[in-house]
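Student:
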Amino acid sequence: MPLPLLPVILLAAAAGSAIEGVRRSIIATKNLKTAKRTNESANSILSSAKWKADSARIKAQRALECLGAEKVNILNTSIAHFISSFEKLKHVEIEDSVGLDELKNFQVDIQTIKELKEISNFATSLAKGLAGGAAGGALTAFGAWSAAGTLAVASTGTPIAALSGAAATNATLAFFGGGSLAVGGLGMAGGAVVLGGLVAGPALAILGLIVDAKAKTEKEKAYSNLAEAQKNAEELNSVAVLCMAIVKRCDMFTNVLKRLDARLQPLLIQMDKAIEEHNANFREFSLEQKQVVAKTVALVKAIKSIIDTPILTKDGHLTEESEDVINQFSE
Numbered sequence: 004m005p006l007p008l009l010p011v012i013l014l015a016a017a018a019g020s021a022i023e024g025v026r027r028s029i030i031a032t033k034n035l036k037t038a039k040r041t042n043e044s045a046n047s048i049l050s051s052a053k054w055k056a057d058s059a060r061i062k063a064q065r066a067l068e069c070l071g072a073e074k075v076n077i078l079n080t081s082i083a084h085f086i087s088s089f090e091k092l093k094h095v096e097i098e099d100s101v102g103l104d105e106l107k108n109f110q111v112d113i114q115t116i117k118e119l120k121e122i123s124n125f126a127t128s129l130a131k132g133l134a135g136g137a138a139g140g141a142l143t144a145f146g147a148w149s150a151a152g153t154l155a156v157a158s159t160g161t162p163i164a165a166l167s168g169a170a171a172t173n174a175t176l177a178f179f180g181g182g183s184l185a186v187g188g189l190g191m192a193g194g195a196v197v198l199g200g201l202v203a204g205p206a207l208a209i210l211g212l213i214v215d216a217k218a219k220t221e222k223e224k225a226y227s228n229l230a231e232a233q234k235n236a237e238e239l240n241s242v243a244v245l246c247m248a249i250v251k252r253c254d255m256f257t258n259v260l261k262r263l264d265a266r267l268q269p270l271l272i273q274m275d276k277a278i279e280e281h282n283a284n285f286r287e288f289s290l291e292q293k294q295v296v297a298k299t300v301a302l303v304k305a306i307k308s309i310i311d312t313p314i315l316t317k318d319g320h321l322t323e324e325s326e327d328v329i330n331q332f333s334e
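Counting from 4, one number per residue, gives the positions in the sequence shown under my numbering.
(1) Count the other C-beta atoms from every protein chain shown that fall within 10 angstroms of the C-beta of S81, then say buried if there are 16 or more, exposed otherwise.
(2) May I ask you to list the residues that DSSP assigns as paired with N284?
(3) Give every residue of the same chain whose Cβ lies closer than 8 Å to the Cβ of S158, excluding the five residues on either side of it in the sequence, and list them in chain order.
(4) Give me whichever residues DSSP pairs with L321 in a beta bridge.
(5) Classify S241 as helix, strand or coil using the three-state DSSP reduction.
(6) Along the chain, where does the alpha helix (DSSP H) that runs through S308 open and close?
(7) Evaluate the contact criterion for the region 290 to 299 versus the region 318 to 333: three or more CB pairs, one atom per stretch, below 8 Å.
(8) Helix, strand or coil for W54, going by three-state DSSP, please let me know.
(9) Whose C-alpha, out of R65, A66, F285 and A305, is nearest the C-alpha of I77?
(10) Is the beta carbon of F179 sitting closer than 8 Å to the one on L67?
(11) To which residues of the same chain is Q292 closer than 6 Å at the C-beta, ignoring the five residues directly before and after it?
(12) Whole angstroms are fine: how far does the CA of S47 sit from the CA of E118?
(13) Would you verify that the beta carbon of A232 is, or is not, closer than 8 Å to some beta carbon of chain C?
(14) By the 10 Å Cβ neighbour count, where 16 or more other Cβ atoms means buried, how is D327 classified, buried or exposed?
(15) Compute the Euclidean distance between the alpha carbons of N284 and L92, then round it to the nearest angstrom.
(16) What is the DSSP secondary structure of S149, reduced to helix, strand or coil?
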C-alpha cells in the first residue's frame, strides 16, 4: 500500500537535511583544516623572519662593538702616544722652501690637540669601565656615533660605567641591546623596532587559535593572520638587510682604522727618535725628520676624522658622511 503523501515528503526533507548537514560538516572540516594550515604557514613565515632579523641584529651589535673597541684601542695607544710626543716639540715653524711639500698643510692647532685629549681621556675612562665589567653599551654607542656624539651623552653627568643605560634611551641602540626578537624583547616599551624608519609591531598571536564551530570565520581569520604575518615578515626582512649593511660599514671602518694605525706606529717611533736626538727642538730636525712629523700629523688627522664620523643617525639610518669616508680611504 502506498505511503501517504505527507510522510513521504517529510522523509525526503529529512533525508535532504541529513545530506546537507553532512555536506556542511565536510565543508566545515575542510575550512578548519585550511585555517590550521594557513595559520601554521603564517607562523612559519613570521618565525623565519624573526630569526633572520634577530641574527642580523646580533651581528650588527657585535660589529658596532668591535668598531667601538678599535676606536678605544687606537685612542689609548697610538693617539695617546702622539699627544705625549707632539707636546714635547718646541719651535714648530714651517717655512715654505724647496723639499718641504709634505709640510705645506702641516698644522695642528690648540683646539685639535684639545679635542684629541678629550676623546683620548674618554676612551681611557671607557676602557676602565669595561675592565670593571661595566659600560658594555657604551662601546655600541661609540661605534655607532661620532666621538662628539658619545661624549655628549656622557657629558650630562652620567658616569661612564652607567653609559650603557644612557645609550639605551635611544631607540636604535635599544634595538641593538634588546633581547631576542623571537621572544619579543627589543629593549623598548611595546616591543616596537625603530630602525632606519622601519617599524615592526609586536609579534602576531598566531599560535593557539581557538577554533569554534564557525569554521568559515576561522578560515577568514587565518587568511587575515597570513596577510599580517607576511607584512610583518617584510618589515623584519628589511630590518635584517639594514643590519647587514651596518655590519659591512662597521667592518670597513674598523679595517681602515687598523690600516692607518699600522702606518702610524713606525712614524711615531721615528718621531720619538728625532725628539730625543734634537732635544725636541723642531728647528734642528733634518728635512727627513720634519717630513716624518708632517706625515704623522696627517695620519693622526685622518684617524681623528674617522673617529669623528658617525656610522648611524639617531633613527638608525646609515650616514652619508660614513659613506664619504669609506670612498675617500678606498681610493
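C-beta: ideal position from N, C-alpha, C; glycine also. Just so we're clear, the structure is a prediction, and the values are computed from it rather than from any experiment.
Tutor: According to the structure data:
(1) Counting from one through the sequence shown, the residue named residue 81 turns up at place 78. The residue in question, S81, is buried, as its Cβ has 16 or more Cβ neighbours within 10 Å.
(2) As a first step, residue 284 must be located in the sequence shown, where it is residue number 281. Its beta-bridge partners are K93.
(3) Within the sequence shown, numbered from 1, the residue matching residue 158 stands at position 155. Only weak support is given to the placement of S158: the predicted model assigns it a pLDDT of 48, under 50, and the question is left unresolved by the model.
(4) Translated into the one-based positions of the sequence shown, residue 321 becomes position 318. Beta-bridge pairing links L321 to L315.
(5) To locate residue 241, count along the sequence shown from 1; it is residue 238. The answer is helix: DSSP assigns S241 an H, G or I state.
(6) Your numbering for residue 308 matches position 305 in the sequence shown. That run of the alpha helix (DSSP H) goes L290 to I310.
(7) no
(8) Along the sequence shown, read from residue 1 onward, the residue named residue 54 stands at position 51. W54: helix per DSSP, three-state reduction.
(9) Locating residue 77 in the sequence shown gives position 74, where the first residue counts as 1. When only C-alpha atoms are compared, the closest one is A305.
(10) One-based indexing of the sequence shown puts residue 179 at position 176. One-based indexing of the sequence shown puts residue 67 at position 64. One thing to note: F179 has its Cβ within 8 Å of the Cβ of L67.
(11) As a position in the sequence shown, residue 292 is number 289, starting the count at 1. Closer than 6 Å at the Cβ level, and outside the excluded window around Q292, lie A277.
(12) Reading the sequence shown from its first residue, position 115 is the one you call residue 118. Reading the sequence shown from its first residue, position 44 is the one you call residue 47. Distance between the alpha carbons of E118 and S47: 52 Å.
(13) Of the chains in the structure shown, none is chain C; there is only one protein chain.
(14) Counting from 1 along the sequence shown, the entry for residue 327 is found at position 324. That one is exposed.
(15) In the sequence shown, counting from the first residue as 1, residue 284 sits at position 281. In the sequence shown, counting from the first residue as 1, residue 92 sits at position 89. Roughly 6 Å between the two C-alpha positions.
(16) Stepping through the sequence shown from its first residue, residue 149 is reached at position 146. Correct three-state label for S149: coil.
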